[in-house]
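What follows is one structure encoded as structure tokens, with my remarks underneath.
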Ligand SMILES: [Fe+2]
């Protein structure tokens with residue numbers, strides 16, 4: 074199965090300052106248009122995951138409408154979740170299509186988590202309700218990918234230079250080990266990391282699309298959910 078992932082567009086009315094490296098959210102829609110055109114014409118994935126922070130400020134919901142207008146041109150199913158810069162899910166999904174509970178494609182299940190909580194320090198938490206939902210949907214019957222805004226990895230063992238994580242990452246990873254959850258896909262950490270093959274849950278964080286060199290990610294999985302290839306592609310080479 075081929076998965077395309079876009080994240081952290083940070084659309085804004087004006088140039089975002091301070092921002093180092095620069096965030097090109099003021100031309101975020103143009104970058105997104107180029108990414109979708111390229112994904113449709115060159116990559117032809119089975120599914121497109123959009124990992125949140127579509128807008129830079131939660132109140133700027135008009136950017137969500139603009140993003141939705143571009144994303145509806147995707148030739149494959151699109152799964153869109155909010156990030157910590159977006160409005161809360163109840164507002165976010167007035168402007169975006171709410172994802173299905175899960176997607177079964179070529180023997181792989183993809184489960185989005187749009188309702189996890191954002192906590193202090195730009196970390197996250199999968200609340201009890203979310204853990205129960207994961208337990209119900211990731212039932213071990215097929216390899217499963219979990220998709221959320223904030224990365225999930227073991228704080229101490231995994232040696233990943235990302236300061237953001239799930240407060241209950243250990244609990245999620247323990248569950249993954251027992252239930253054929255084979256990959257955690259996230260955004261949020263703009264410099265990106267991985268994919269890292271830490272046992273038992275490989276994890277990756279895709280780059281921010283609004284920062285040079287305007288990368289989105291392509292991830293191809295075999296029928297066991299193991300990564301065959303992971304490629305970063307440029308949506309465009311330059312912006313105004
Ligand atoms: Fe974020």
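In my numbering, the protein residues as written are 74 to 313. All residues carry an ideal CB built from backbone N, CA and C; glycine is no exception.
Outcome for residue i when other beta-carbon atoms lying within 10 angstroms are tallied against a minimum of 16
i           : result
residue 80  : buried
residue 96  : buried
residue 88  : exposed
residue 216 : buried
residue 301 : exposed
residue 270 : exposed
residue 272 : exposed
residue 85  : buried
residue 107 : buried
residue 259 : buried
residue 286 : exposed
residue 159 : buried
residue 247 : exposed
residue 265 : buried
residue 146 : exposed
residue 128 : buried
One or two residues paired with residue i in a DSSP bridge
i           : result
residue 185 : 220
residue 290 : 78, 305
residue 257 : 219, 276
residue 196 : 192
residue 266 : 278
residue 128 : 84
residue 300 : 294
residue 120 : 76
residue 151 : 121
residue 245 : In the DSSP output, where bridge partners are listed per residue, residue 245 has none listed.
residue 178 : 181
residue 239 : 197
Closer than 7 Å to chain C by CB, residue i
i           : result
residue 130 : Protein chain content of the structure displayed is limited to a single chain, and chain C is not contained in it.
Alpha-carbon to alpha-carbon, residue j and residue i
i           : j           : result
residue 283 : residue 138 : 18 Å
residue 223 : residue 268 : 15 Å
residue 51  : residue 241 : Coverage of the chain is limited to positions 74 through 313, which leaves residue 51 absent and any answer about it impossible.
residue 280 : residue 303 : 13 Å
residue 181 : residue 291 : 16 Å
residue 228 : residue 234 : 10 Å
residue 130 : residue 169 : 16 Å
residue 220 : residue 100 : 26 Å
residue 225 : residue 161 : 20 Å
residue 124 : residue 311 : 22 Å
residue 196 : residue 144 : 27 Å
residue 167 : residue 141 : 11 Å
residue 156 : residue 192 : 12 Å
residue 35  : residue 164 : Given a span of 74 to 313 for the chain in the structure shown, any question on residue 35 remains unanswerable.
Any non-hydrogen atom of ligand 1 within 6 Å of residue i CB
i           : result
residue 124 : no
residue 263 : no
residue 129 : no
residue 156 : yes
Residue i CB to nearest heavy atom of ligand 2 below 6 Å
i           : result
residue 146 : Summarising the ligand content, the structure contains ligand 1 and does not contain ligand 2.
Within 8 Å, do at least three Cβ pairs link the region 147–165 to the region 120–133? yes
Indicate whether the contact test is met: 3 or more Cβ pairs, each with one atom in the region 169–181 and one in the region 203–220, closer than 8 Å. yes
Specify whether the region 249–256 and the region 286–298 touch according to this definition: at least 3 beta carbon pairs, one from each stretch, less than 8 Å apart. yes
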